[in-house]
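Those protein sequence lines, which keep their order, are chains A and B.
According to this note's numbering, the first sequence is numbered sequentially starting from 6.
According to this note's numbering, the second sequence is numbered sequentially starting from 6.
Protein chains: 2
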Amino acid sequence: MITGKNYIGNQLSANGNKTFKTFNPLLNIENQWEITEASTNEVDEAAALATQAFKTYSKLSGAKKATFLRAIADEIEALGDELLQVYSSESGLPNGRAIGERGRTLGQLRAFANHIEEGNWVDASIDTAQPERKPMPKVDLRKMNVALGPVVVFGASNFPFAFSTAGGDTAAALAAGCPVIIKSHPMHAATGEMVSGAVIRAAEKTGMPNGVFSNLNSSGIEVGQQLVEHPNVKAVGFTGSIRGGRALYDLAAKREEPIPVFAEMGSINPVVILPQALRNRADAIAKTYSGSITLGTGQFCTNPGLILGVKSEGLSKFVQTLAEEIVKVEPSCMLHPNIAGAYEFNKANAISQNGLEVLANYEAEVKPNHARQVVTTVEGDTFLNNPTLHHEVFGPFSLVVQCKDEAQLEEIIFNLEGQLTGTIISDDNEIESSSNIVSALQNRVGRIIFNGVPTGVEVCPSMLHGGPYPASTDSRFTAVGVDSIKRFVRPFSFQDWPNQLLPDELKNENPLGILRNVNGKLSNETI
Amino acid sequence: MITGKNYIGNQLSANGNKTFKTFNPLLNIENQWEITEASTNEVDEAAALATQAFKTYSKLSGAKKATFLRAIADEIEALGDELLQVYSSESGLPNGRAIGERGRTLGQLRAFANHIEEGNWVDASIDTAQPERKPMPKVDLRKMNVALGPVVVFGASNFPFAFSTAGGDTAAALAAGCPVIIKSHPMHAATGEMVSGAVIRAAEKTGMPNGVFSNLNSSGIEVGQQLVEHPNVKAVGFTGSIRGGRALYDLAAKREEPIPVFAEMGSINPVVILPQALRNRADAIAKTYSGSITLGTGQFCTNPGLILGVKSEGLSKFVQTLAEEIVKVEPSCMLHPNIAGAYEFNKANAISQNGLEVLANYEAEVKPNHARQVVTTVEGDTFLNNPTLHHEVFGPFSLVVQCKDEAQLEEIIFNLEGQLTGTIISDDNEIESSSNIVSALQNRVGRIIFNGVPTGVEVCPSMLHGGPYPASTDSRFTAVGVDSIKRFVRPFSFQDWPNQLLPDELKNENPLGILRNVNGKLSNETI
Chain A
6 MITGKNYIGN QLSANGNKTF KTFNPLLNIE NQWEITEAST NEVDEAAALA
56 TQAFKTYSKL SGAKKATFLR AIADEIEALG DELLQVYSSE SGLPNGRAIG
106 ERGRTLGQLR AFANHIEEGN WVDASIDTAQ PERKPMPKVD LRKMNVALGP
156 VVVFGASNFP FAFSTAGGDT AAALAAGCPV IIKSHPMHAA TGEMVSGAVI
206 RAAEKTGMPN GVFSNLNSSG IEVGQQLVEH PNVKAVGFTG SIRGGRALYD
256 LAAKREEPIP VFAEMGSINP VVILPQALRN RADAIAKTYS GSITLGTGQF
306 CTNPGLILGV KSEGLSKFVQ TLAEEIVKVE PSCMLHPNIA GAYEFNKANA
356 ISQNGLEVLA NYEAEVKPNH ARQVVTTVEG DTFLNNPTLH HEVFGPFSLV
406 VQCKDEAQLE EIIFNLEGQL TGTIISDDNE IESSSNIVSA LQNRVGRIIF
456 NGVPTGVEVC PSMLHGGPYP ASTDSRFTAV GVDSIKRFVR PFSFQDWPNQ
506 LLPDELKNEN PLGILRNVNG KLSNETI
Chain B
6 MITGKNYIGN QLSANGNKTF KTFNPLLNIE NQWEITEAST NEVDEAAALA
56 TQAFKTYSKL SGAKKATFLR AIADEIEALG DELLQVYSSE SGLPNGRAIG
106 ERGRTLGQLR AFANHIEEGN WVDASIDTAQ PERKPMPKVD LRKMNVALGP
156 VVVFGASNFP FAFSTAGGDT AAALAAGCPV IIKSHPMHAA TGEMVSGAVI
206 RAAEKTGMPN GVFSNLNSSG IEVGQQLVEH PNVKAVGFTG SIRGGRALYD
256 LAAKREEPIP VFAEMGSINP VVILPQALRN RADAIAKTYS GSITLGTGQF
306 CTNPGLILGV KSEGLSKFVQ TLAEEIVKVE PSCMLHPNIA GAYEFNKANA
356 ISQNGLEVLA NYEAEVKPNH ARQVVTTVEG DTFLNNPTLH HEVFGPFSLV
406 VQCKDEAQLE EIIFNLEGQL TGTIISDDNE IESSSNIVSA LQNRVGRIIF
456 NGVPTGVEVC PSMLHGGPYP ASTDSRFTAV GVDSIKRFVR PFSFQDWPNQ
506 LLPDELKNEN PLGILRNVNG KLSNETI
């Protein structure tokens, strides 16, 4: 069933001569499937097919594209338990997580189907002509969002379903009317092939043009580079490391025609615990956070890697309880030996920094590729002066910074890099007297949380998953929720265009019944 | 009244030791005012003030910011005729144009005031909590657009009012809640100082924080470079040449924290005349286009520099009439000797290309800095094979490409660079049988026009002024109309945030009465 080949449009293809295997981190052995890397010609072919498919696919109605998205969800579901097994064998993630992430992925596809079927997302705007206006007649102008062009999506290591092959970026791009070329993540290439097969079957069943979707394997960086530099490609979606995302951004910015790269990258997700909360419930907060830090082996992009508080008895109690609690958590398996290795390396590097104190370190023997969680602490001054401590340690690692006073806390927040999230833990009204801290934090993040944990990214329209650089390369767009479709469209204006040749969204008759801004008023009426 | 100094926030300042003068192209003499370039320290100071001002300005209500924008418009109006005279003396543009462009500028400022006072533009979205949801409770999430940070605006040479000091970019950024630092255009620095004075007076009268606006003079590239590289700056607006815009884009992309550059650059605005239209009304079209090509001395970014048709009697007649008509237009003055010189240089370079035939060349003596209009023609094959002919000649220059057949016409369109506009001239229903040509053109432009001229950019919500690169650096945003505010904001999410601490736009009570997406339904109700 798993061939190890690429999908160049609807065709399985393996013309390259480089192969690789994926790895089962739980069993600590290679998986059986031999995956063939895409060749230069195959990349070109996928890009040519995507450009060809764009001509028709970008013009399809929302209803037609919705049928396609729903069929993808159905085909993925139809893969049943086998898909879940392959997923776990390539990620070490447990069956429950596989089921949950598959549900999230199907939910995203169906949410986008509903979104484009409803149709309001095109932001239709109509200003009718005023031929009698003085001194100049006013022309008729009508504007709506149209698809940008073929999109390349890079699969993420930590979400083989929800941020990979048929994940959020793909669903958003296909919903917008953009063909998608996947640069499959090498750690879960077989999972990717199975999901790609589902997408291709859905495309064939619903009559989509060949080239609307391709899936390319690679274990190195060449295929990704070739895709980002390809003139046929008009946008890139990426979830992963700062180094990887920035490299793609730089490649795209150097093109003759620069294209947008939406890279959702690293984050340490600062959590600020205010003094009264520390005084009143240090233990409870510590227990909650020992769970959040170790959730999914700390492999979520919203993992709380930095906890900030002002020195006090409460803070001392918090770090003590956190240290006690976190070692009670059973260490779990990371996605891949490389990721487990990087965790050990980055953890050791952090721990070796002057002034860093290790509060808790799970010391017992662990199975291969399992991560020992660590909580560390440092003085505010030391943190401010050592940029290394501001960098993410991907895994179940957290650093508690003990600030000497509120002014230093504010200074530290002001000096943080951009973050996906920021959290304030506060008792009752004490947040109201901390408006400087809240303002400073808001300026560094994409989402701010009150009395909660940053892990858990709800898929809903009001979610903003992104943030100031380097949390993402473009803070003006979310990577989660239906608004992520906005990354892959551009507004387009028709001037004095014949009514019968306008897209349905802009016709006088409003055949789709969508909400439009007509001469400055929202309306779903005809004109 | 004109001091030649910079505005560093509310203070006139001239600490630099480099000075320059502007030029009156009509009189062909230097203007009297001595302008002092901003020093490195002054740039830093303006940036520091802008970051400080951002803290409070970005939090002001739409109503408060609207008062400021309206006051700017009033203060500019209060400058009366003196401002118009300075404008003309620094641009060579006639008084009528000055009055019209001032009206456009005031209209833009007031349109943005209305837009932010109404308040729906923040795209408020609310998903309320579901504490009972299984398997996981749903958190409360609320999202809205917030200001990005200090914005640098580069004044444009060809619109000293509408795309400069208090032009569209500035109005959009201030409306969004972003302080603005102007890199004043060296060709109209005195006009810029007068308008800046109006902005500063408006800021003081309406109680805006010092640093919400600064105006920096420079005749070279150093001040602009320093601004774009400054860590306090979060976005850039620019209108001008491809070379200039791309240089700024490259600088911004190389920053440690890359920032968006919205550069609206060159365009040759292709016009396709379909066969039947050529057969039936070649003369009338030629007359219309001789006006459009020479309008404003060809110095509009939507100037029609490329006219495409299939060889026919009709096309021959069109070029003949266009040649006859265009020399009847009285040559007019360009903005500056440098621009007139560049026009002569680029025109000569185009004319020297193999296979280019000059159809009409105004040959009589002209006054200094006045532009002789030219119409040229070339075969489709020659055009396809010579990229030089695809480049803009800024000024009253147009090239008619005679294609051998419809297939070649489509190929030429397919191979064009990105454009601000594309125009189809068609008789009755002939456009319906040209859907390939229309599709190809749509894919290369930001706005498509039926039976009109591309010159004339209506300021209204349905206008898209921008287009695929190199028409602009980001085709996903317009530079004209209230939607241009979207360039300078980012969406931001609040999770489980206390109602009384939310911005008014997201409070349960909906005190502003704005339209919000509440649990997937648009509503202006309370929650």
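Every residue gets a Cβ at the ideal spot worked out from N, C-alpha and C, and that includes glycine.
In this text the structure is predicted, and so the values were computed from the model without any measurement.
Environment of residue i [buried if 16+ CB atoms lie within 10 Å]
i, result
"Q113 of chain A", "buried"
"A78 of chain A", "buried"
"P516 of chain B", "exposed"
"I104 of chain B", "exposed"
"P475 of chain B", "buried"
"V363 of chain B", "exposed"
Separation of residue j from residue i, as counted between CA atoms
i, j, result
"N568 of chain B", "G471 of chain B", "Residue coverage of chain B in this structure runs from 6 to 532, which leaves residue 568 of chain B outside it and unanswerable."
"N366 of chain B", "Y294 of chain B", "16 Å"
"G249 of chain A", "V157 of chain A", "15 Å"
"S489 of chain A", "W126 of chain A", "11 Å"
"P214 of chain B", "N420 of chain A", "23 Å"
"D410 of chain B", "T387 of chain B", "14 Å"
"L221 of chain A", "D128 of chain A", "34 Å"
"V494 of chain B", "T110 of chain B", "22 Å"
"L74 of chain A", "A176 of chain A", "7 Å"
"V276 of chain A", "P459 of chain A", "8 Å"
"N456 of chain B", "G85 of chain B", "38 Å"
"S477 of chain A", "L527 of chain B", "29 Å"
"L446 of chain A", "S63 of chain B", "15 Å"
"P30 of chain B", "E95 of chain B", "7 Å"
Proximity below 7 Å, CB of residue i to CB of residue j
i, j, result
"M192 of chain B", "H341 of chain B", "yes"
"T531 of chain A", "E514 of chain A", "yes"
"V315 of chain A", "P280 of chain A", "yes"
"T244 of chain B", "S201 of chain B", "no"
"I40 of chain B", "F25 of chain B", "yes"
"P508 of chain A", "N150 of chain A", "no"
"S403 of chain B", "I298 of chain B", "yes"
"A194 of chain B", "I81 of chain B", "no"
"G216 of chain B", "Q57 of chain B", "yes"
"E269 of chain B", "A484 of chain B", "yes"
"L88 of chain A", "N100 of chain A", "no"
"A282 of chain A", "E330 of chain A", "no"
"N20 of chain A", "E42 of chain A", "no"
"C408 of chain A", "H375 of chain A", "no"
"S162 of chain A", "H120 of chain A", "no"
Boundaries of the alpha helix (DSSP H) in which residue i is found, first to last residue
i, result
"S440 of chain A", "S440 to Q447"
"G105 of chain A", "N100 to E123"
"I131 of chain A", "No alpha helix (DSSP H) contains I131 of chain A, which is instead part of the beta strand (DSSP E) from S130 to D132."
"A287 of chain B", "P280 to T299"
"R147 of chain B", "Counting along the chain, R147 of chain B falls outside any alpha helix (DSSP H), though it belongs to the beta strand (DSSP E) covering L146 to A152."
"I81 of chain B", "G67 to A83"
"E50 of chain A", "T45 to Y62"
"L5 of chain A", "Residue 5 of chain A lies beyond the residue range present for chain A, which begins at 6 and ends at 532; the question has no answer from this structure."
Continuous beta strand (DSSP E) stretch holding residue i: start and end
i, result
"K188 of chain A", "V185 to K188"
"S219 of chain A", "F218 to L221"
"K139 of chain A", "Unbroken run through K139 of chain A: none, as it is neither H nor E."
"S528 of chain A", "K526 to S528"
"N522 of chain B", "R521 to V523"
"G314 of chain B", "L311 to V315"
"G17 of chain B", "The sequence as given places Leu at residue 17 of chain B; Gly does not occur at that position. That run of the beta strand (DSSP E) goes Q16 to S18."
**Message:** So within the segment 324 to 373 of chain B, which uninterrupted beta strand (DSSP E) runs reach at least 3 residues, ignoring any that extend past its ends?
**Reply:** With a minimum length of 3 residues, the continuous beta strand (DSSP E) runs that stay inside the segment 324 to 373 of chain B are 362 to 366.
**Request:** Tell me the start and end of each unbroken beta strand (DSSP E) in the segment 407 to 438 of chain B that is at least 3 residues and wholly inside, in chain order.
**Result:** Given a length threshold of 3 residues, each whole run of the beta strand (DSSP E) inside the segment 407 to 438 of chain B is given here in chain order: 424 to 430.
**Request:** Identify every run of the alpha helix (DSSP H) within the segment 180 to 268 of chain B, keeping only runs that are complete inside it and at least 4 residues long; order them along the chain.
**Result:** Along the length of the segment 180 to 268 of chain B, whole alpha helix (DSSP H) runs at least 4 residues long occupy 194 to 210, 227 to 234 and 247 to 258, reported in chain order.
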